[in-house]
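Engineer: Sending over a structure as structure tokens; questions will come in a sec.
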Amino acid sequence: MKRSVVIVAGGSGTRMGSAMPKQFLPLAGRPILMRTIDVFRAFDAQMQIVLVLPQTQHQLWNSLCSQYGFTANVEVVSGGETRFHSVKNGLSKVQSGGLVAVHDGVRPLVSVQTLERCFVEAEKIGAVVPVVPINESIRHRNLENGANNLVNRDEYVIVQTPQVFHTNLLQSAFEQPYQTAFTDDASVVESFGHAIALVEGNFENIKITRPVDMVVAESIIANSK
């Protein structure tokens, strides 16, 4: 089946404490976003790549591509009011009838093996999310009265991206009206009435949001050489 990916990169760099949007920050000498795209190209060189960026960041992206000699075939579209609307904009460029992944632009350390597991399972089932187990103890906090209690961490997992779907399914699900409960693409598909399958992710696949994440990512890259 034809494979596509919609990479969503709308960060501003506020939590990173940077004037530069975080997806463009250099990670081990290369912008984070380029490293993210590199993984998908390594997985499938023929994959359609749609990059969703705020309109105000298109020029910066083009400048960085020239600076780094980045010539990957990437179609850039403008983002929307929310992540939901940004993904919907990206999906409008994807041809129906295949498989489509949606991935956070600031997750450059997803492994090719995780991508393989996601796409293989999605072809069979239709909707797949990579996850990793929780190693720490966790507690449930009641936001109304402040009470809290220990819960069984084995019943919970940490959700990652890319989340991979049959393209027709995801495009149809995104025709629903936006809800604040749509925190990721799986929640949109689940609301549409389709079950979500879980596959093994990789712990290195962190979302780079804060300065400490850059330190961790740099270390992972250094130790992988």
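Numbered according to my numbering, the sequence shown spans residues -13 to 211. Note that CB positions come from ideal geometry on N, CA and C, so glycine has one too.
1) Taking DSSP as the reference, what is the three-state secondary structure of ARG196?
2) Where does PHE168 sit, in a helix, a strand or coil, going by DSSP?
3) Just tell me which of HIS152, VAL201, ALA203, ILE(-7) has its CA closest to the CA of ALA183.
4) Return the chain-ordered ranges of every beta strand (DSSP E) run that is complete within the region 101 to 155 and spans a minimum of 3 residues.
5) Classify ASP30 as helix, strand or coil using the three-state DSSP reduction.
6) Name the residue from LEU46, ARG(-11), ASP30, MET33 whose alpha carbon lies nearest to the alpha carbon of PRO17.
7) Assuming ILE194 and VAL92 make a contact with CB atoms under 8 Å, what is their CB distance in whole Å?
8) For GLN81, collect the residues of the same chain with a Cβ closer than 8 Å to its Cβ; drop the 5 residues on either side in sequence, then sort them by chain order.
9) Quick check on the burial criterion: 16 or more other C-beta atoms within 10 angstroms. Buried or exposed for HIS89?
10) Can you tell me which residues form a DSSP beta bridge with HIS89?
11) Using a threshold of 9 Å, state whether the C-beta atoms of VAL174 and PHE189 are closer than that.
12) For PHE168, I'd like the list of residues in its chain whose CB is within less than 6 Å of its CB, leaving aside the five on either flank, ordered along the chain.
13) What's the gap between the Cα of THR42 and the Cα of VAL63?
14) Per the DSSP calculation, GLU61 is bridged to which residue(s)?
Structural biologist: Considering the structure as presented:
1) Position 210 of the sequence shown, counted from the first residue, corresponds to residue 196. Three-state result, ARG196: coil.
2) Here residue 168 corresponds to residue number 182 of the sequence shown, with the count starting at 1. If DSSP states are grouped into helix, strand and coil, PHE168 belongs with coil.
3) Within the sequence shown, the letter at position 197 stands for residue 183. If we check each option's Cα against that of ALA183, HIS152 comes out closest.
4) 113 to 119, 124 to 127, 134 to 137, 143 to 145, 149 to 152
5) Against the sequence shown, residue 30 aligns to sequence position 44. Of the three classes helix, strand and coil, the one that applies to ASP30 here is coil, per DSSP.
6) The residue labelled residue 17 in the question sits at position 31 within the sequence shown. PRO17 has its Cα closest to that of LEU46, out of LEU46, ARG(-11), ASP30, MET33.
7) Along the sequence shown, one-based indexing puts residue 194 at 208. Along the sequence shown, one-based indexing puts residue 92 at 106. Right, the Cβ-Cβ distance comes to about 4 Å (below 8 Å), so this counts as a contact.
8) Position 95 of the sequence shown, counting from 1, holds the residue named residue 81. Around GLN81: LYS(-12), SER(-10), GLN34, THR153.
9) If you number the sequence shown from 1, residue 89 lands on position 103. So HIS89 counts as buried.
10) Position 103 of the sequence shown holds residue 89. Paired residues: ILE(-7).
11) Position 188 of the sequence shown, counting from 1, holds the residue named residue 174. Position 203 of the sequence shown, counting from 1, holds the residue named residue 189. No, they are not a contact pair.
12) To locate residue 168, count along the sequence shown from 1; it is residue 182. Only PHE70, VAL174 meet the Cβ criterion.
13) Looking up residue 42 in the sequence shown gives position 56. Looking up residue 63 in the sequence shown gives position 77. Each residue's Cα considered, the two are about 11 Å apart.
14) One-based indexing of the sequence shown puts residue 61 at position 75. In DSSP, GLU61 forms a bridge with VAL36.
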